[in-house]
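Asks:
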Amino acid sequence: MTLTAPTRTLTAEPGSGATVELRGVVKNYGSMQALSGIDLAMAPGEFVALLGPSGCGKTTALRALSGLETVDAGSILIDGVDVASTPTNKRDIGMVFQSYSLFPHMTVTENVEFGLRMRRVPKASRRERAGEALEMVGLGAHGTRFAHQLSGGQQQRVALARALVTRPRVLLLDEPLSALDAKVRVQLREEIRRITRDLGITTVFVTHDQEEALAIADRVAVMRAGRIEQIGTPRDLYATPVNPFVADFVGLTSRVPGRLVGGEVVVYGTALPLLGEPQPDGPVMALIRPEDVVLADAGDPDVIEATVVESSFLGSLRRTRFELPDGATLSVQHDVGDHPQAGERAYLRLKRNAVAASAIPTEKSAT
Amino acid sequence: MTTKNSVRLGTEPGTVARWVILGVVGVVFAFPMLAMVEFTFRDGLSGGHTLDHWTGLLSEDAARTYRNLFTAIGNSLLLAVVTVGIVLVVLLPTMILVHLQFPRLRRVLEFVCIIPITVPAIVLVVGLAPVYSVVVEVFGGSIWTLAFAYGITVLPYAYRAIQSNLDAVDVITLSEAGRTLSANWGRVLWHVLLPNLKRGVLAASFISVAVVLGEFTIASLLNRVNLQTALLQVGQSDPYVAIIFALLALLLAFVLLLSIGRIGRSRRTGSES
Chain F
20 MTLTAPTRTL TAEPGSGATV ELRGVVKNYG SMQALSGIDL AMAPGEFVAL
70 LGPSGCGKTT ALRALSGLET VDAGSILIDG VDVASTPTNK RDIGMVFQSY
120 SLFPHMTVTE NVEFGLRMRR VPKASRRERA GEALEMVGLG AHGTRFAHQL
170 SGGQQQRVAL ARALVTRPRV LLLDEPLSAL DAKVRVQLRE EIRRITRDLG
220 ITTVFVTHDQ EEALAIADRV AVMRAGRIEQ IGTPRDLYAT PVNPFVADFV
270 GLTSRVPGRL VGGEVVVYGT ALPLLGEPQP DGPVMALIRP EDVVLADAGD
320 PDVIEATVVE SSFLGSLRRT RFELPDGATL SVQHDVGDHP QAGERAYLRL
370 KRNAVAASAI PTEKSAT
Chain C
-2 MTTKNSVRLG TEPGTVARWV ILGVVGVVFA FPMLAMVEFT FRDGLSGGHT
48 LDHWTGLLSE DAARTYRNLF TAIGNSLLLA VVTVGIVLVV LLPTMILVHL
98 QFPRLRRVLE FVCIIPITVP AIVLVVGLAP VYSVVVEVFG GSIWTLAFAY
148 GITVLPYAYR AIQSNLDAVD VITLSEAGRT LSANWGRVLW HVLLPNLKRG
198 VLAASFISVA VVLGEFTIAS LLNRVNLQTA LLQVGQSDPY VAIIFALLAL
248 LLAFVLLLSI GRIGRSRRTG SES
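Protein chains in written order, with our numbering: chain F, 20 to 386; chain C, -2 to 270.
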């Protein structure tokens, strides 16, 4: 089913976005600490993505912000007011869930009107605003349908309209695209970004998809084990990850052995600047991005001999995995004009870009 | 090894097989009922048939003759209403609460609710008799107090009906969506959860009514008068009337159960494709 382009937008109210701040938020589930003192500050209208693997605490943080989870310690401030003990229904937030959460017994229009009805908005005004919100997401003609008569993408659009129609101060999106197919995901994420920007609403977007996070957010917070490892613009995160975890999570990287010598990582004879905090000299595992390796000729300086393992056509580029003499593998992103065959011998060269590296525990340090 | 004509386990029966199964089961159920219907038209031992037993119920002195029976019908209907009330006021909110807030207690609740089906009614009465001596002291000896016992006997059926509906609907996400849209718990329950649990709630209610209308042992052993105890009594003097009322009770239960599958469908199918 095709997704029609939106034709109208809700009226953006100047300054409608709120400041959002999490201060030292802690959440425990029994002996497990889901949030270990999260700190996060968002400016009005900012779009922040919480990115991380399963179980890192990103959804818990979002649910704490919404009030669906209580917190054990810390403050949650919306426009400077601590709402940590305020019930969900009084926080003035909008939320879109991963699973389609439309009320199945209501039509699309009734679903969108629901929040206004709960706020006792007069019926005529409700109808008008619901229609406006549905137009905004390109579903103005679907008001009389039921949820089960819509595609997944359309259901999430209705959920977005329903969350925004009350003009909440904060919009929370809990992996809203993860149940959709690839094409609809990209369409809808671009639309979400456009709408939130038009409305100037402060938005928190939870995802485990790094590409999605980097594409949509003003800033991305990478989380691990209940902590924010790094928060920054997508460019900052990609270019200067503070540690190997962030580097590994934000981008497709290959792990190859190297040695840290005098602040530089020496990998197959090529010295590369080290990203992040200085580390003591010793063996390390370097994280190399596919765009930091190029195909070379046998006679070029500092080349690495390798064997082609597999090669994938990705449209505008090709990604090939090579096996190195020591058994490590290295992914390389290159022009589609080159199409190496599995088993072929090839030569690679590392660009002199900074790389992240983590120390390899030696036998001595391990014992 | 499977052949073209082999039947795999777990596949649904075909249309013909379904009708055959339905036909056989239907005959098994219909045969005694048809026999009951035929019996109500018998003219004593003469071998002929008459409408007198049915028309007699409409005669002027029927109300006096069958006063106890009509009283018993009133009692059973009152008991059905109170029992359904207990299911809706006690069981339903408890199940929703456990499902949403205390999922770890679900197994415990299930165990508690299923227990009555494993306990024979006569054993249940042995336990209930001393309890009812207290109930009578507190609430008096009115017939409606029997609904406390019926509230227990209908638990397994009502629990299953509601639980299957709870399992079929993502009530957690729906209630959370409702709360983020400014609805408090009461409004979430009324506007979001109950409409989506309508089928389960109706099924639980109707099954409860059917169980209450057919209950004999507890009422008899606790010396209360309900439809079944009255039918037994009437049956000793006028078996035709007893069978007529038994048939009518069966018909009511049948209509209630049939309507479970009907109600709530029209809205879900939607008005537009």
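Using N, Cα and C, we set each Cβ at its ideal position, and we do this for glycine too.
#1: Would you say tyrosine 73 of chain C and asparagine 223 of chain C are within 8 Å of each other, going by their C-beta atoms?
#2: For the alpha helix (DSSP H) holding aspartate 267 of chain F, just list the boundary residues, first then last.
#3: Can you list, in chain order, the residues of the stretch 175 to 191 of chain C whose Cβ is nearer than 7 Å to any Cβ on chain F?
#4: Which residues of the stretch 157 to 168 of chain C have a Cβ closer than 9 Å to any Cβ of chain F? Give them in chain order.
#5: Show which residues of chain C have a CB atom less than 7 Å away from the CB atom of methionine 137 of chain F.
#6: Would a check of beta-carbon distances place asparagine 47 of chain F closer than 8 Å to chain C?
#7: What's the gap between the Cα of serine 179 of chain C and the Cα of arginine 186 of chain F?
#8: Candidates F:Gln352, F:Gly362, F:Gln206: which alpha carbon is nearest valine 370 of chain F's?
#9: What does aspartate 193 of chain F pair with, by DSSP beta-bridge criteria?
#10: Assuming arginine 337 of chain F contacts histidine 358 of chain F (C-beta within less than 8 Å), just tell me the rounded distance between them.
#11: Per DSSP, what kind of secondary structure is lysine 202 of chain F in: helix, strand or coil?
#12: List the endpoints of the continuous alpha helix (DSSP H) containing lysine 46 of chain F.
#13: With a floor of 4 residues, list each alpha helix (DSSP H) that falls wholly inside the stretch 63 to 131 of chain C, ordered by position along the chain.
#14: First and last residue of the beta strand (DSSP E) that includes threonine 289 of chain F?
#15: Could you tell me the distance, in whole angstroms, from the CA atom of isoleucine 220 of chain F to the CA atom of isoleucine 112 of chain F?
#16: Spell out whether any CB of chain F is found under 8 Å from the CB atom of leucine 254 of chain C.
#17: Count the other C-beta atoms from every protein chain shown that fall within 10 angstroms of the C-beta of threonine 386 of chain F, then say buried if there are 16 or more, exposed otherwise.
#18: Cβ atoms of alanine 92 of chain F and glycine 43 of chain F: under 8 Å apart, would you say?
#19: Are there 16 or more other CB atoms within 10 angstroms of the CB of glutamate 231 of chain F, so buried, or fewer, so exposed?
#20: Check whether the Cβ of phenylalanine 223 of chain C lies closer than 8 Å to any Cβ atom in chain F.
#21: Using the beta-carbon count (16 or more within 10 Å), is methionine -2 of chain C buried or exposed?
#22: Answer with yes or no whether the minimum CB distance from isoleucine 112 of chain F to chain C is below 8 Å.
#23: Say whether chain C places a C-beta atom closer than 8 Å to the C-beta of asparagine 108 of chain F.
#24: Please state if the CB of glutamate 212 of chain C and the CB of tyrosine 147 of chain C are separated by a distance shorter than 8 Å.
#25: Find the nearest neighbour of arginine 82 of chain F within the set F:Gln168, F:Asn108, F:Met125, F:Pro63, judged by alpha-carbon distance.
#26: Comparing C-alpha positions only, which one of F:Asn47, F:Arg213, F:Thr128, F:Asp228 sits nearest to leucine 196 of chain F?
#27: List, in order along the chain, the chain C residues whose C-beta lies closer than 8 Å to that of arginine 188 of chain F?
#28: Which class does histidine 353 of chain F belong to by DSSP, given the choice of helix, strand or coil?
#29: Leaving aside the five residues before and after isoleucine 235 of chain F along the sequence, list all residues of the same chain whose C-beta is less than 6 Å from its C-beta, in chain order.
#30: Between the Cα of arginine 204 of chain F and those of F:Gly356, F:Ser170, F:Tyr48, spot the shortest distance and give me the residue it belongs to.
#31: Quick check on alanine 31 of chain F: does DSSP put it in helix, strand or coil?
#32: Can you list, in chain order, the residues of its chain with a C-beta nearer than 8 Å to that of isoleucine 140 of chain C? Leave out the 5 residues immediately preceding and following it.
#33: Could you tell me the distance, in whole angstroms, from the CA atom of alanine 201 of chain F to the CA atom of valine 86 of chain C?
#34: Please look up how many angstroms separate the CB atoms of alanine 37 of chain F and lysine 46 of chain F, rounded, as I've assumed it's under 8 Å.
#35: If you run the structure through DSSP and keep just helix, strand and coil, what is phenylalanine 341 of chain F?
Replies: Looking at the atomic coordinates:
#1: As a first step, residue 73 of chain C is located in the second sequence; it is residue number 76 there, counting from the start. As a first step, residue 223 of chain C is located in the second sequence; it is residue number 226 there, counting from the start. One detail in the question is off: residue 73 of chain C reads as serine in this sequence, not tyrosine. Yes, Cβ-Cβ distance for serine 73 of chain C and asparagine 223 of chain C is below 8 Å.
#2: Here residue 267 of chain F refers to the residue found at position 248 when the first sequence is read from its first residue. Counting along the chain, the alpha helix (DSSP H) containing aspartate 267 of chain F begins and ends at 263 to 268.
#3: Correct list: Arg176, Thr177, Leu178, Ser179, Ala180, Asn181, Arg184, Val189.
#4: Sequence-ordered contacts of the stretch 157 to 168 of chain C with chain F read Val166, Asp167 [C-beta pairs closer than 9 Å].
#5: Taking the first sequence and counting its residues from 1, the one referred to as residue 137 of chain F is at position 118. Going along chain C in sequence order, the residues near methionine 137 of chain F (Cβ under 7 Å) are Leu178, Ser179, Ala180, Arg184.
#6: As a first step, residue 47 of chain F is located in the first sequence; it is residue number 28 there, counting from the start. No, its Cβ sits nowhere closer than 8 Å to a Cβ of chain C.
#7: Numbered from 1 along the second sequence, position 182 holds the residue referred to as residue 179 of chain C. Numbered from 1 along the first sequence, position 167 holds the residue referred to as residue 186 of chain F. Computed Cα separation, rounded: 12 Å.
#8: As a first step, residue 370 of chain F is located in the first sequence; it is residue number 351 there, counting from the start. First, the residue type needs correcting, since residue 370 of chain F is lysine and not valine in the sequence shown. It is F:Gln352 whose Cα lies nearest to the Cα of lysine 370 of chain F.
#9: Working through the first sequence from its first residue, we reach residue 193 of chain F at position 174. Answer is F:Val225.
#10: The count along the first sequence starts at 1 and reaches residue 337 of chain F at position 318. The count along the first sequence starts at 1 and reaches residue 358 of chain F at position 339. About 7 Å separates the CB atoms of arginine 337 of chain F and histidine 358 of chain F; that is less than 8 Å, so the two are in contact.
#11: For this step, residue 202 of chain F is matched to residue 183 along the first sequence. Helix at lysine 202 of chain F.
#12: Against the first sequence, residue 46 of chain F aligns to sequence position 27. That residue, lysine 46 of chain F, is in no alpha helix (DSSP H); its beta strand (DSSP E) goes 39 to 48.
#13: Fully enclosed alpha helix (DSSP H) runs of 4 or longer: 64 to 83, 89 to 97, 103 to 115.
#14: Taking the first residue of the first sequence as 1, we reach residue 289 of chain F at position 270. Counting along the chain, the beta strand (DSSP E) containing threonine 289 of chain F begins and ends at 289 to 292.
#15: Position 201 of the first sequence holds residue 220 of chain F. Position 93 of the first sequence holds residue 112 of chain F. In a straight line, the C-alpha of isoleucine 220 of chain F is about 10 Å away from that of isoleucine 112 of chain F.
#16: Within the second sequence, numbered from 1, the residue matching residue 254 of chain C stands at position 257. At a cut-off of 8 Å between beta-carbon atoms, leucine 254 of chain C makes no contact with chain F.
#17: Along the first sequence, one-based indexing puts residue 386 of chain F at 367. With a pLDDT of only 37 at threonine 386 of chain F, under the threshold of 50, the placement of this residue in the model should not be trusted; the figure read from the coordinates follows. In this structure threonine 386 of chain F is exposed. Its beta-carbon is surrounded by fewer than 16 other beta-carbon atoms within 10 angstroms.
#18: Residue mapping note: residue 43 of chain F aligns to position 24 of the first sequence, counting from 1. Residue mapping note: residue 92 of chain F aligns to position 73 of the first sequence, counting from 1. For the pair glycine 43 of chain F and alanine 92 of chain F, the CB atoms are nearer than the 8 Å cut-off.
#19: Numbered from 1 along the first sequence, position 212 holds the residue referred to as residue 231 of chain F. Taking all protein chains in view, the Cβ of glutamate 231 of chain F is crowded by 16 or more other Cβ atoms within 10 Å, so the residue is classified as buried.
#20: Residue mapping note: residue 223 of chain C aligns to position 226 of the second sequence, counting from 1. In the sequence as presented, phenylalanine is not what sits at residue 223 of chain C; that position holds asparagine. Not a single CB atom of chain F sits nearer than 8 Å to the CB of asparagine 223 of chain C.
#21: As a working mapping, residue -2 of chain C is identified with position 1 in the second sequence. Note that methionine -2 of chain C has pLDDT 40, beneath the 50 cutoff, so the model's placement of it is unreliable and no number is given.
#22: One-based indexing of the first sequence puts residue 112 of chain F at position 93. So yes, isoleucine 112 of chain F belongs to the interface.
#23: Sequence index remark: in the first sequence, residue 108 of chain F carries index 89 (1-based). For asparagine 108 of chain F, the answer is yes, since a Cβ of chain C falls inside 8 Å of its Cβ.
#24: Indexing the second sequence from 1 puts residue 147 of chain C at position 150. Indexing the second sequence from 1 puts residue 212 of chain C at position 215. At the C-beta level, tyrosine 147 of chain C and glutamate 212 of chain C come within 8 Å of one another.
#25: As a first step, residue 82 of chain F is located in the first sequence; it is residue number 63 there, counting from the start. It is F:Asn108.
#26: The sequence position of residue 196 of chain F within the first sequence is 177, counting from 1. Of the listed residues, the one whose Cα sits closest to leucine 196 of chain F is F:Asp228.
#27: Within the first sequence, numbered from 1, the residue matching residue 188 of chain F stands at position 169. The contacting residues do not exist; arginine 188 of chain F stays about 12 Å from chain C at best.
#28: If you number the first sequence from 1, residue 353 of chain F lands on position 334. Strand, per DSSP.
#29: Locating residue 235 of chain F in the first sequence gives position 216, counting from the first residue. The residues are Arg208, Arg212.
#30: Residue 204 of chain F sits at position 185 when you count from the first residue of the first sequence. Checking every option, the nearest Cα to that of arginine 204 of chain F belongs to F:Ser170.
#31: Locating residue 31 of chain F in the first sequence gives position 12, where the first residue counts as 1. At alanine 31 of chain F the pLDDT is 44, less than 50, meaning the model places this residue with poor confidence; the figure from the coordinates comes in the next sentence. Looking at alanine 31 of chain F - three-state DSSP - the assignment turns out to be coil, as it is neither helix nor strand.
#32: In the second sequence, counting from the first residue as 1, residue 140 of chain C sits at position 143. The answer, listed in chain order, is Asn72, Leu75, Leu76, Arg221, Val222, Asn223.
#33: Stepping through the first sequence from its first residue, residue 201 of chain F is reached at position 182. Stepping through the second sequence from its first residue, residue 86 of chain C is reached at position 89. Rounded to the nearest angstrom, the two C-alpha atoms are 46 Å apart.
#34: For the purposes of this step, residue 37 of chain F is taken as residue 18 along the first sequence, with counting starting at 1. For the purposes of this step, residue 46 of chain F is taken as residue 27 along the first sequence, with counting starting at 1. Their Cβ separation, rounded to whole angstroms, is 22 Å, which puts alanine 37 of chain F and lysine 46 of chain F out of contact at 8 Å.
#35: In the first sequence, counting from the first residue as 1, residue 341 of chain F sits at position 322. Of the three classes helix, strand and coil, the one that applies to phenylalanine 341 of chain F here is strand, per DSSP.
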